[in-house]
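Engineer:
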Amino acid sequence: MLKNRVKEFEKLLSWSSENYAHLPWRTEVRDLYRVLVSEVMLQQTTVATVLPRYESFFEQFPTLADLANAEENDLALAWKGLGYYRRAQNLYKAVNMIHQSGGEFPQGEEKLQQVPGVGPYTAAALTAIGRNELALAVDGNLQRVLSRYFLIEVEQGPKLQKAVHSLIQNKSFAKTLEHCGPRKFNEALMDLGRTICKARNPKCGECPLADSCEALKVQKTDCIPVKTAKKKVAISELKLLRFLIKNKQGELLFYKKRKGEWLKDQWELPTAIIESEDKDLKQYPFAEVANYSSQQITTAITRYRIRNHWKAMDELDFRDLGILNDRDFTFLAWDKTQEHISTASEKVLNHLNEQA
DNA sequence: TATACGTGGTA
DNA sequence: TTACCAAGTAT
């Protein structure tokens, strides 16, 4: 019965030929290095966030060898603002591994997954989109589109990802994929998921697959993919104080975040917790300090909403607080430095700069 | 298997 | 404003 779907997927390709998103990484010829970088950049990130950084990244690191031979700090700087900074650290490991083994990417999804930062999705994307070989790159879009289309009522998460990926085990489905062209097929499904078969308010009226969509037939597009039963982690309020400690040159004091902390290897303004709903939070020391800014800058990280306040202080007075004793501190000209300063610290400083 | 990991946009 | 969403992976 899947056989009957072939014609339906031809409608998808026909739709795609009219509505194909001409994104900068969708070149005629694909360089696996570029595919890897774009796939990693796009993980859990919007296209709009990646767009302004994509070209400049490859001006700076044109080839895999260039990135492998670069200073890791330069990669970290190029990644600024993209979030999930571990991705950049894994990407650096990945290109070095591949560079040292001759510059060729491993063959097959299984071996590709041995590359740092490459999981089931990226391995399949390198194969299907990069190499145009038979694979199904099951990201959030494909999970949503295909679980609706085939009415796969498996709870969202790794189980659904596997269930959708297993469609490729079906000979008829695989044949269709091959017939359409793995790259074309995967990209068409992604475009459909992003623009039509959206998580909220899908535009089924404009969908080329509407005639044969099982979820639409039974009016279940709203409840597929099936939401997980477990309750969502609550957002926790956090009030931080950022200390502004200047030396005679007007540079500010920063410290480097360690392994196991948020924003590992980034420089941050000396920071203390003023208030926290999460009493066990160990990211910063607690401190009782008076007379800090009444204004605040709001930031967020994982499940914390952060209200950032600030306070100018002498270095000696700061030392008297007795917090962050054993840290790697340095004075930096924050707006000129080639060091990686955290987004939150920069936001506070930019705000103060604009006021001045 | 559940949780951690950033950030910006939208309803 | 809150809640959710966006081309996942590592542990």
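1455 is the number of the first residue of the first sequence in the numbering used here; add one for each residue after it. Where a beta carbon is used, it is the ideal one built from N, C-alpha and C, also for glycine. Quantities reported herein were computed from a predicted structural model and do not represent experimental measurements.
Quick one: Cα of residue 1566 to Cα of residue 1662, how far?
Structural biologist: Taking the straight line joining both Cα atoms gives about 33 Å.
Engineer: Cβ of residue 1539 within 9 Å of Cβ of residue 1713?
Structural biologist: It is not a contact, given that the beta carbons lie outside the stated cut-off.
Engineer: Residues in its own chain within less than 7 Å of residue 1668 by CB, not counting five upstream and five downstream?
Structural biologist: Contacts found: 1603, 1604, 1605.
Engineer: Buried or exposed: residue 1770, going by 16 or more other Cβ atoms within 10 Å of its Cβ?
Structural biologist: So residue 1770 counts as exposed.
Engineer: How is residue 1745 classed by DSSP in three states: helix, strand or coil?
Structural biologist: In the structure shown, residue 1745 sits in coil (DSSP, three-state: anything other than H, G, I, E or B).
Engineer: Confirm, please, whether the CB-CB distance from residue 1721 to residue 1784 is below 9 Å.
Structural biologist: Yes, Cβ-Cβ distance for residue 1784 and residue 1721 is below 9 Å.
Engineer: May I have the straight-line CA-CA distance separating residue 1477 from residue 1607, to the nearest angstrom?
Structural biologist: Approximately 32 Å between the Cα atoms of the pair.
Engineer: Is residue 1726 near residue 1744, with beta carbons less than 9 Å apart?
Structural biologist: Cβ distance not < 9 Å, so residue 1726 and residue 1744 don't count as in contact.
Engineer: For residue 1578, which residues in the same chain have their Cβ closer than 7 Å to its Cβ, ignoring the five residues on either side in sequence?
Structural biologist: Same-chain partners within the cutoff: 1563, 1589, 1590, 1591, 1592.
Engineer: Would residue 1672 be called buried (16 or more neighbouring beta carbons within 10 Å of its own) or exposed?
Structural biologist: The residue is exposed, with fewer than 16 neighbouring Cβ atoms inside 10 Å.
Engineer: Nearest CA to the CA of residue 1748: which residue from 1766, 1583, 1758?
Structural biologist: The option with the nearest alpha carbon to residue 1748 is 1766.
Engineer: Given this structure, state the Cα-to-Cα distance separating residue 1479 from residue 1530, to the nearest angstrom.
Structural biologist: So the alpha carbons of these two residues sit roughly 21 Å apart.
Engineer: Helix, strand or coil: how does DSSP classify residue 1624 here?
Structural biologist: DSSP places residue 1624 in coil when its eight states are reduced to three.
Engineer: For the alpha helix (DSSP H) that residue 1794 lies in, which residues bound it at each end?
Structural biologist: Run containing residue 1794: none; DSSP gives neither H nor E here.
Engineer: Would you decide whether residue 1631 is buried or exposed? Buried here means 16 or more other CB atoms lie within 10 Å of its CB.
Structural biologist: When all chains shown are included, residue 1631 counts as buried.
Engineer: Among residues of its own chain, excluding the 5 on either side of residue 1656, which ones have a beta-carbon nearer than 6 Å to its beta-carbon?
Structural biologist: Excluding positions up to five away in sequence, the list reads 1675.
Engineer: Exposed or buried, which one is residue 1523 when buried takes at least 16 other CB atoms within 10 Å?
Structural biologist: Flag for residue 1523 reads exposed.
Engineer: Whose CA, out of 1532, 1505, 1587, lies closest to the CA of residue 1486?
Structural biologist: Considering only alpha carbons, the answer is 1587.
Engineer: Would DSSP call residue 1763 helix, strand or coil?
Structural biologist: Of the three classes helix, strand and coil, the one that applies to residue 1763 here is strand, per DSSP.
Engineer: Among 1617, 1573, 1514, 1561, which one has its Cα closest to the Cα of residue 1581?
Structural biologist: Out of 1617, 1573, 1514, 1561, 1561 has the C-alpha closest to the C-alpha of residue 1581.
Engineer: Only counting the same chain, and skipping five residues up and downstream in sequence, which positions put a Cβ closer than 7 Å to that of residue 1778?
Structural biologist: Cβ neighbours of residue 1778 beyond the five flanking positions: 1709, 1724, 1739.
Engineer: Is residue 1641 buried or exposed, if buried means 16 or more other CB atoms sit within 10 Å of its CB?
Structural biologist: By the 10 Å Cβ count, residue 1641 comes out buried.
Engineer: DSSP puts residue 1700 in a beta bridge; with which residues?
Structural biologist: DSSP, once it has assigned bridges, lists 1706 as partnering residue 1700.
Engineer: Tell me the DSSP secondary structure of residue 1536 in three-state form.
Structural biologist: Reduced to three states, the DSSP call for residue 1536 is coil.
Engineer: What are the partner residues of residue 1727, as DSSP defines its beta bridges?
Structural biologist: Paired residue(s): 1694, 1740.
Engineer: Flag this pair as touching only if the stretch 1492 to 1506 and the stretch 1537 to 1556 have three or more C-beta atom pairs under 8 Å; answer yes or no.
Structural biologist: Result yes; three or more Cβ-Cβ pairs closer than 8 Å.
Engineer: Using DSSP with H/G/I as helix, E/B as strand and the rest coil, what is residue 1525?
Structural biologist: Coil.
Engineer: Is residue 1785 helix, strand or coil by DSSP?
Structural biologist: Looking at residue 1785 - three-state DSSP - the assignment turns out to be strand.
Engineer: Report the option in 1692, 1635, 1684 whose CA atom is closest to the CA atom of residue 1467.
Structural biologist: Ranking the options by Cα distance to residue 1467, first place goes to 1635.
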